[in-house]
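Colleague: Structure incoming, see below.
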Amino acid sequence: MKITTENRKWLDDFNLSHPLVIAGPCSAETEEQVLKIASELKDSDVSVFRAGIWKPRTRPGGFEGVGAIGLKWLQKAKAQSGLLMAVEVANAAHVQLALEHDIDVLWIGARTTVNPFAVQEIADALKNTDKIVLVKNPVNPDLALWIGGVERLYNAGIKKLGVIHRGFSTYEKTKYRNIPEWQLAIELQNRFPDLPLICDPSHITGRRDMIQEVSQQALDLNYDGLIIETHIDPDNAWSDAAQQVTPTVLKQIFKDLRIRKVTDDADDYNNRLARLRLDIDEYDVRLLEILGKRMKVADKIGALKKEKNVAVLQNKRWNEVLGKMILDGEQKGLSEEFILRIFKAIHQESISHQEKIINS
Ligand code: PEP
Ligand code: MN
């Protein structure tokens, strides 16, 4: 897949001096709700109106979307507000209906991106149309699957592509509804710098009081846009009530966001940055050195355990180490979440080293 600057043209054509904003309810509920939200969002920084028409629900029995009738409401909202319209499509029938109703932007949901059959079906149905298509990350943190989804559309001749980062499911409880795993999206951005990257803080956080913070983080990482669920009466929304904000709150969030430049040409800035980066590079070298030394000690412990036929994993000792590190880390300004992640990774590496030794 060769994504070039040509692919960014659809985004440049919006001619914005700020990131692209897509906003609107999780789900279209009634004609009145759709028209009211769209009318409150016109004349703001919002360029695209979103609404789910077909809703993938984790368990049956929830609200599964109003279906095709909602597309008529969106057509009306488009005529009244001038906003472009975006919906989620999950199969060829959805694509067909969206095309018939002149929907401008189609997005592929997280539960669909995981399924190559479904993505291929959508790509085939869209073949050589000129719609903007945005691919949400799959539910699981699998970069290849995410890229694979984009490739299927690219191979079908779709020229206006982008991706939406909506976070990943985890078994562990975290403060997020879907943990961001920023490094994954950053890697995608590095590999395909001309593939517009949009952040979905609504599905990442699941909580309206965290939308501002996560949107700011995305902008600090040079994201090209935000998609934020917006509802006139969030508490009574038929889906995702806890994470939706009102149009008024959305405008405030946008006002408070600090929009940063990608870089600065001033010599002073570049000199200071270069010096600080030298420091970082040196610390990274030292970190690796220390990790290497630590692993050698782990190997010796492995040899000792082998000699005495003792199991590799020693849970009690490990929990003590972790508890101490969390406390020490806190004093150094390192979050518990970070300490847990980094030490779990180190511990896992030690265990695999020791397993190799014990089974040799
Ligand atoms: C949505 O955007 O409302 C949605 C269902 O999102 P996701 O596919 O990210 O869960
Ligand atoms: Mn939603």
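According to full-length UniProt numbering, the residues represented by the sequence shown are 1 to 360, in order. Ideal placement from N, C-alpha and C gives every residue a C-beta, glycine not left out.
#1: Just curious, the beta strand (DSSP E) that F63 is in, first and last residue?
#2: Look up V34 in the DSSP assignment and give the residues it is bridged to.
#3: Residues near the ligand MN, CB to any non-hydrogen atom under 5 Å, in chain order?
#4: Quick check on the DSSP output: the beta strand (DSSP E) that includes W107 runs from which residue to which?
#5: Thinking C-beta only, is V245 closer than 9 Å to R208?
#6: Measuring CB atoms only, is the region 96 to 108 touching the region 130 to 146, in the sense that at least three cross pairs come out at less than 8 Å?
#7: For T205, count neighbouring C-beta atoms within 10 Å of its own C-beta (all shown protein chains included) and say buried if the count is 16 or more, exposed if not.
#8: Does the beta-carbon of K136, which I'm using as the reference point, lie nearer than 8 Å to any heavy atom of the ligand SAM?
#9: Are the CB atoms of E64 and W54 within a distance shorter than 9 Å?
#10: For a test of the three-state rule: what should DSSP assign to T174, helix, strand or coil?
#11: Provide the residue(s) that pair with R50 in DSSP beta bridges, ordered along the chain.
#12: Would you check whether the ligand PEP has a heavy atom nearer than 8 Å to the C-beta of E213?
#13: For G67, collect the residues of the same chain with a Cβ closer than 8 Å to its Cβ; drop the 5 residues on either side in sequence, then sort them by chain order.
#14: Please report how far the alpha carbon of V114 lies from the alpha carbon of G148, in whole angstroms.
#15: Near K78, which residues of its chain fall below 6 Å by C-beta distance, leaving aside the five closest residues on each side in sequence?
#16: Are the beta-carbon atoms belonging to R50 and V87 less than 9 Å from one another?
#17: In the DSSP output, which residue or residues are listed as bridge partners for C199?
#18: Which value, in whole angstroms, describes the spacing of the CA atoms of V119 and I358?
Modeller: From the atom records:
#1: Along the sequence shown, one-based indexing puts residue 63 at 63. Segment: none, F63 is in no beta strand (DSSP E) and carries neither H nor E.
#2: As a working mapping, residue 34 is identified with position 34 in the sequence shown. Its beta-bridge partners do not exist; DSSP assigns none.
#3: This criterion selects C26, D240.
#4: The count along the sequence shown starts at 1 and reaches residue 107 at position 107. Note, W107: beta strand (DSSP E), 105 to 108.
#5: Locating residue 208 in the sequence shown gives position 208, counting from the first residue. Locating residue 245 in the sequence shown gives position 245, counting from the first residue. R208 is a Cβ neighbour of V245, given a cutoff of 9 Å.
#6: In short, these stretches touch, since the Cβ pair count reaches three.
#7: Counting from one through the sequence shown, the residue named residue 205 turns up at place 205. Counting Cβ neighbours within 10 Å, T205 comes out buried, since at least 16 surround it.
#8: This structure does not include the ligand SAM; its bound ligands are the ligand PEP and the ligand MN.
#9: Position 54 of the sequence shown, counted from the start, is the residue given in the question as residue 54. Position 64 of the sequence shown, counted from the start, is the residue given in the question as residue 64. It is a contact, given that the beta carbons lie within the stated cut-off.
#10: For the purposes of this step, residue 174 is taken as the residue at position 174 of the sequence shown. If DSSP states are grouped into helix, strand and coil, T174 belongs with coil.
#11: Taking the sequence shown and counting its residues from 1, one reaches residue 50 at position 50. Partner(s): A86.
#12: Your numbering for residue 213 matches position 213 in the sequence shown. For the ligand PEP, not one heavy atom lies less than 8 Å from the Cβ of E213.
#13: Locating residue 67 in the sequence shown gives position 67, where the first residue counts as 1. Within the same chain, G67 has close Cβ partners I53, W54.
#14: On the sequence shown, position 114 is the one that residue 114 refers to. On the sequence shown, position 148 is the one that residue 148 refers to. Inter-residue distance for V114 and G148 is about 10 Å (C-alpha atoms, whole angstroms).
#15: Against the sequence shown, residue 78 aligns to sequence position 78. Once the five neighbours on either side are set aside, the close Cβ partners of K78 are M85.
#16: Position 50 of the sequence shown, counted from the first residue, corresponds to residue 50. Position 87 of the sequence shown, counted from the first residue, corresponds to residue 87. With contacts defined as CB atoms closer than 9 Å, R50 and V87 qualify as a contacting pair.
#17: As a working mapping, residue 199 is identified with position 199 in the sequence shown. C199 pairs with H165, L226.
#18: Within the sequence shown, the letter at position 119 stands for residue 119. Within the sequence shown, the letter at position 358 stands for residue 358. If I take the Cα positions, the gap works out to 45 Å.
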